[in-house]
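Asker:
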Amino acid sequence: YLASGNFILGIGPVDGDAAEVLQQTQAGHMIDRENVQGIKDQITTCFLDWKEKRTRSTRDVGKYTRKYLTGLLEKLL
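Structure follows, in structure tokens:
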């Protein structure tokens, strides 16, 4: 999903691995599932960005591509 270019709204532990990946790649936000207002606010922000045709082009997903990860596996083997 990182490669799709779509904004990712993660709902779960804000200190978990998925949250770290979203932060590193700047591909989205992780919000705690108990934070209902935060989820609403983020959905509203995403909708307004879409409506105004604002994009979030800052992404660094290179280290999560199949090519890169296969290269790491090749080095291990």
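Each residue of the sequence shown is one higher than the last, beginning at 86 in my numbering.
All C-beta atoms in this analysis are idealised placements derived from N, C-alpha and C, irrespective of residue type, glycine included.
(1) Taking only three categories from DSSP, how would you classify Leu158?
(2) Could you tell me if Leu133 is buried or exposed, where buried requires 16 or more neighbouring beta carbons within 10 angstroms of its beta carbon?
(3) For Gly113, which three-state DSSP category applies?
(4) Mind checking who Gly95 pairs with in its DSSP beta bridge?
(5) I want to know whether the segment 121-135 touches the segment 147-154 - three or more CB-CB distances under 8 Å.
Answerer: For this structure:
(1) As a first step, residue 158 must be located in the sequence shown, where it is residue number 73. Collapsing the DSSP output to three states places Leu158 in a helix.
(2) Against the sequence shown, residue 133 aligns to sequence position 48. Result: exposed.
(3) Your numbering for residue 113 matches position 28 in the sequence shown. Three-state result, Gly113: strand.
(4) Residue numbering aside, residue 95 sits at position 10 when the sequence shown is read from its first letter. DSSP output for Gly95 lists Met115 as bridge partner(s).
(5) Output reads no: the segment 147-154 does not touch the segment 121-135.
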